[in-house]
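A.B. asks:
Put into structure tokens, the structure is as follows:
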């Protein structure tokens, strides 16, 4: 029996944003592993074992998936969005570094990551050069984040922030807004896209002067425009010739 | 008759990477507009008018689409990848700035952009903070690009380059590699992903010391690792704790 391991992105929430490739992998799977709310998006059926686990158990989950696949399982590890963007693909390769068993067939199946879904609902704020930064300091020192924010602002990137504000460390997003005001000025546009592509979706665009830390939580994707980002009607977009 | 305009991403090439949302919009469309090779990916059927046009005619195409939609058409403008990443969504909003007709209903439908498809095939090189830069200087001065490259390297982003090397200006990618060697050192990993998710797909990862300008053309997506990006077996990935 030849097993395989697919690390699949479920997109931001709506079934219309799940790729056929991911749907096909889930249809063939014997095991699905992932963080509780993501596994809850996979329909139960005979022959499929659902293995939800807690957040912050990514490395254990990845090793478990490697073991099931090398035992002949058809295993899908699910992430929200895209598995390669602040999600399970890197955890699987980290687990592979410590893995001494048989090497299973591994595939990474891309998905619609939160920043692209949010950008589409807002207009086209990432229409020119941009960057993606995970504002959580669980896995890196805050000083690294602060330095990266300043350099990204000086490079005049549009910026997408994942995990902008945790309940345990809310002051860090307050500090992020201070840095952005210093580097980009008060008039720069900032968009808050909460729970995109779900029934709870909420979109809001303001200037940095008007931005409040409370506008973001862990379900919010934040996009800061470049110097060229502008509004047209209800939309926010960055022209193709930005950055000159 | 109420028309609408959808700006849709077809993904990098494989039908398994086209979202159901985009497929549904194409099924309802009366008109599909886009660059010749992208429109060629849409199946002809009675009641659908295919309107392929040349590259570098984005603004005319967008205005044409607005006119058709405000006349009651169900219009889809197609991009490869994601329409919001160096593609047609920004062009539509630019056209909207000069538009005096009725405002049609506009939706942006996200897709799998080339960098996420390439990253998935390579492993997880964008698993930590990263940026996306369009290396074409058609719409911005080369000095802006060069400055952005240096700041992105100093921020220790992984970097994805779109349009890395044009036939008319091949020397600019040579210069890009020189800058990267200066800023990142000779051992930094660089991956060339050509025609991802098509039958002509070709993947290659080398160090900056080994990288040659000829490894890229306009169908290549280039990914440069951060200082933490590493190999494991055939894979390239950036650990989740990168950048410390």
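Protein chains in written order, with the numbering used here: chain R, 44 to 287; chain E, 44 to 287. Glycine included, each C-beta is placed from N, C-alpha and C at the ideal position.
1) Would you mind sorting residue 143(E) into buried or exposed? The rule is 16 or more other CB atoms within 10 Å of its CB.
2) Terminal residues of the continuous beta strand (DSSP E) containing residue 47(R)?
3) Hey, residue 62(R) and residue 76(E): beta-carbon distance below 9 Å or not?
4) So with Cβ pairs under 9 Å, would you call residue 140(E) a contact of chain R?
5) Relative to the alpha-carbon of residue 108(E), which residue among 128(E), 196(E), 136(E) and 191(E) has its alpha-carbon at the smallest distance?
6) Count the other CB atoms within 10 Å of the CB of residue 179(E); is the residue buried (16 or more) or exposed (fewer)?
7) What separation, rounded to the nearest whole angstrom, lies between the Cα atoms of residue 286(R) and residue 117(R)?
8) Pick from 241(E), 100(E) and 47(E): whose alpha carbon is nearest that of residue 152(E)?
9) What do you reckon, are the CB atoms on residue 155(R) and residue 155(E) nearer than 9 Å?
10) Looking at chain E, is there any beta carbon in it that lies within less than 9 Å of the beta carbon of residue 106(R)?
11) In this structure, does DSSP put residue 70(E) in helix, strand or coil?
12) For residue 111(E), name the three-state secondary structure that DSSP assigns.
13) According to DSSP, residue 249(E) sits in a beta bridge with which residue or residues?
14) Note down the Cα distance separating residue 254(R) from residue 220(R), rounded to an integer number of angstroms.
15) For residue 214(R), count the other beta carbons within 10 Å of its own beta carbon; 16 or more makes it buried, fewer makes it exposed. Which is it?
16) Candidates 194(E), 105(E) and 164(E): which alpha carbon is nearest residue 175(E)'s?
17) Give the secondary structure of residue 240(E) by DSSP, where H, G and I count as helix, E and B as strand, and everything else as coil.
18) Where do the ends of the beta strand (DSSP E) carrying residue 284(E) lie?
19) Return the CA-CA distance between residue 113(R) and residue 106(R), expressed in angstroms with no decimal places.
20) Beta strand (DSSP E) containing residue 173(E): first to last residue?
21) If the cut is a Cβ gap below 8 Å, which residues of chain E does residue 146(R) touch?
22) Compute the Euclidean distance between the alpha carbons of residue 91(R) and residue 121(R), then round it to the nearest angstrom.
23) Quick check on the DSSP output: what are the complete beta strand (DSSP E) runs of length 3 or more inside the region 193-222 of chain E, in order along the chain?
24) Enumerated in chain order, which unbroken segments of the alpha helix (DSSP H) with a length of 4 residues or greater are wholly contained in the region 141-189 of chain E?
25) Relative to the C-alpha of residue 96(R), which candidate in 78(R), 88(R) and 237(R) has its C-alpha closest?
26) Starting from the Cα of residue 217(R), find the closest Cα among 250(R), 191(R), 237(R) and 259(R) and give me that residue.
27) Could you pull the DSSP bridge partners for residue 267(E) from this structure?
28) Between the Cα of residue 51(E) and those of 128(E), 88(E) and 191(E), spot the shortest distance and give me the residue it belongs to.
29) Assuming residue 80(R) is part of the alpha helix (DSSP H), what are its boundary residues?
30) If we count the other Cβ atoms within 10 Å of its Cβ and call it buried at 16 or more, is residue 70(E) buried or exposed?
31) Taking residue 278(R) as the reference, which of 55(R), 164(R), 227(R) and 65(R) has the closest Cα?
32) CA-CA distance, residue 199(E) and residue 188(E)?
33) If the cut-off is 8 Å on Cβ atoms, which residues from the region 193-219 of chain E count as contacting chain R, listed in chain order?
34) Looking at the unbroken beta strand (DSSP E) that takes in residue 273(E), where does it start and where does it end?
35) Quick one: grab the DSSP three-state call for residue 59(R).
36) Would you give the residue range spanned by the beta strand (DSSP E) that residue 91(E) belongs to?
C.D. replies: On the basis of the data shown:
1) A residue is called buried once 16 or more other Cβ atoms fall within 10 Å of its Cβ, and residue 143(E), having fewer, is exposed.
2) It spans 47-52 - the beta strand (DSSP E) in which residue 47(R) sits, taken as one unbroken run.
3) The Cβ atoms of residue 62(R) and residue 76(E) lie no closer than 9 Å to each other.
4) For residue 140(E), a Cβ of chain R is located within less than 9 Å of the residue's own Cβ.
5) Ranking 128(E), 196(E), 136(E) and 191(E) by Cα distance to residue 108(E) puts 136(E) first.
6) When all chains shown are included, residue 179(E) counts as buried.
7) Only weak support is given to the placement of residue 286(R): the predicted model assigns it a pLDDT of 49, under 50, and the value that follows is read from those uncertain coordinates. Residue 286(R) and residue 117(R): Cα-Cα distance of roughly 47 Å.
8) Per the Cα distances, 47(E).
9) In this structure, residue 155(E) lies closer than 9 Å to residue 155(R) by Cβ.
10) At a cut-off of 9 Å, the C-beta of residue 106(R) has no neighbouring C-beta in chain E.
11) It is helical.
12) Residue 111(E): helix per DSSP, three-state reduction.
13) According to DSSP, which records beta bridges pairwise, residue 249(E) is partnered with 233(E).
14) Whole-angstrom Cα-Cα distance: 8 Å.
15) Exposed, since its Cβ has fewer than 16 Cβ neighbours within 10 Å.
16) Ranked by Cα distance from residue 175(E), the first of 194(E), 105(E) and 164(E) is 194(E).
17) Residue 240(E): coil per DSSP, three-state reduction.
18) Unbroken run through residue 284(E): none, as it is neither H nor E.
19) Whole-angstrom Cα-Cα distance: 11 Å.
20) Taken as a continuous stretch (DSSP letters only), the beta strand (DSSP E) holding residue 173(E) covers 173-177.
21) Taking the beta carbon of residue 146(R) as reference, the chain E residues within 8 Å of it are 276, listed in sequence order.
22) Rounded to whole angstroms, residue 91(R) and residue 121(R) show a C-alpha spacing of 14 Å.
23) Those beta strand (DSSP E) runs which fall completely within the region 193-222 of chain E and span 3+ residues are 201-205.
24) List check, alpha helix (DSSP H) in window: 157-165.
25) Residue 96(R) has its Cα closest to that of 78(R), out of 78(R), 88(R) and 237(R).
26) The option with the nearest alpha carbon to residue 217(R) is 259(R).
27) Looking at the DSSP assignment, residue 267(E) forms a beta bridge with 202(E) and 233(E).
28) Just measuring C-alpha positions, the residue of 128(E), 88(E) and 191(E) sitting nearest residue 51(E) is 128(E).
29) In the DSSP assignment, residue 80(R) falls within the alpha helix (DSSP H) that extends over 79-82.
30) By the 10 Å Cβ count, residue 70(E) comes out exposed.
31) Cα-wise, what sits closest to residue 278(R) is 164(R).
32) Cα-Cα distance, rounded: 16 Å.
33) Of all residues in the region 193-219 of chain E, the ones placed with a Cβ closer than 8 Å to any Cβ belonging to chain R are 194, 195, 197, 198, 199 and 200, in chain order.
34) Where residue 273(E) is concerned, the enclosing beta strand (DSSP E) starts and stops at 273-275.
35) In the three-state DSSP reduction, residue 59(R) falls in the helix class (H, G or I).
36) Premise fails: residue 91(E) is in no beta strand (DSSP E) and is neither H nor E.
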